[in-house]
Amino acid sequence: MKGTLHVILGTPGSERRSVLSKSNSSNDSELSYFLLPEELKDESLPHSLWDWDESQFRFDRIEDESAEEFFLFFSNNLNLADQFEATLSILESEDGLGVGRVIVFINSKLLVDNNDQITTWIDAATHFADAVCFSHRENDNAAHIAKCKERYESMRYPLETYLLGKKKDPPLERILSPSARRISHVFDPEDLLDPEDSPTNDPYLSRQPNGKRQRPIPTPFAS
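For the sequence shown, our numbering begins at 654 and goes up steadily by one.
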């Protein structure tokens, strides 16, 4: 693979595939290619499926070699930290591939539940994210969206937030902007990293002596 790899996280029903599919609807000649887990298979998209093998992503053959932009969709059946480590392995093995943005899509209906596991999952996802996109905004969840946004503003997270409307096209040019806005340093070039900012020291990737994560991430959407 050569080009840009965007990492896509999302809650169930967050519309992440349909939103990003619009990247292939413009007059731009650059093709966006979707790397999907089996549970998100979509024949309407140019895609390859991936398998999880020995804690690594294993891809089907990418059929369109003209692709220069890739969307790697994480699975909600697997741990986020494990998938981020596997993404680092991809970037290390593919010389012509660079990381673009880490984007989190949230179905705003889920915020109303105030579920602790979902909140912990979102906290972990936003730690790595450049942008968060809220879908399905309605009157009964508007205050919950505002509270969620204020939470990360108060924590001084530099990430961008977007409300995805039903009638307007998503601002993909801004959402996919190459500028990094994430607080995590795991994707930073090694020569620019301080030792304490290395991936092994990231609070969600680092491990205790017994092998368990320092800050475990739940899998509240596993099926």
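Cβ atoms here follow ideal geometry from the backbone N, Cα and C, with glycine treated the same way.
Where residue i falls, given that 16 or more other Cβ within 10 Å makes a residue buried
i: N766; result: The amino acid at residue 766 is misidentified as Asn; the sequence shows Asp. With fewer than 16 Cβ atoms within 10 Å of its Cβ, D766 is classed as exposed.
i: S742; result: exposed
i: P824; result: exposed
i: M654; result: buried
i: R714; result: exposed
i: S788; result: buried
i: P690; result: buried
i: N863; result: exposed
Among the options, nearest to residue i - alpha-carbon criterion
i: L688; options: W703, E696 and H780; result: W703
i: N760; options: I771, S685, Y857 and D847; result: I771
i: E721; options: S876, L693, L750 and S788; result: L750
i: E826; options: V672, D844 and E849; result: V672
i: A784; options: D748, E803 and Y810; result: Y810
i: E791; options: K819, S807, N729 and D841; result: K819
i: H838; options: F737, D713, K802 and E691; result: F737
i: A833; options: D844, A778 and I756; result: I756
i: E747; options: D769, F781, G864 and F712; result: F712
i: S876; options: D844, D769 and S728; result: S728
Start and end residues, beta strand (DSSP E) containing residue i
i: Q784; result: Residue 784 is actually Ala in this sequence, not Gln. Residues A784 to S788.
i: S674; result: No beta strand (DSSP E) holds S674; the alpha helix (DSSP H) holding it covers R669 to S674.
i: S832; result: S832 -> no beta strand (DSSP E), and no H or E assigned at all.
i: T853; result: No beta strand (DSSP E) holds T853; DSSP gives it neither H nor E.
i: T814; result: E813 to L816
i: E722; result: E722 to F726
i: S701; result: H700 to D706
i: L750; result: L750 to N760
Residues near residue i in its chain [Cβ-Cβ closer than 7 Å; skip 5 each side]
i: T853; result: S859
i: R868; result: P856 and Y857
i: L763; result: T664 and I771
i: W774; result: I870, P871 and P873
i: D793; result: V765
i: Y805; result: T779 and L812
i: D822; result: K675
i: P831; result: G753
Other residues of its chain near residue i: CB distance less than 8 Å, five sequence neighbours each side excluded
i: L684; result: N677, P699, D717, S719, A720, E721 and E722
i: S708; result: D735, E738 and A739
i: L744; result: L658, L750, G751, V752 and F840
CB-CB length for residue i against residue j, believed under 8 Å
i: G753; j: L658; result: 6 Å
i: E668; j: F726; result: The pair is not a contact, with the Cβ atoms about 13 Å apart (cut-off 8 Å).
i: F710; j: A739; result: 5 Å
i: L693; j: A778; result: Not confirmed; about 16 Å, so no contact.
i: R866; j: F781; result: Rounded, the Cβ-Cβ distance is 14 Å, inconsistent with contact.
Proximal residues to residue i (C-beta, below 6 Å), its chain only, five neighbours per side dropped
i: G666; result: N760
i: D695; result: R670
Where the alpha helix (DSSP H) through residue i begins and ends
i: Y805; result: A795 to S807
i: T772; result: D769 to F781
i: I828; result: L825 to I828
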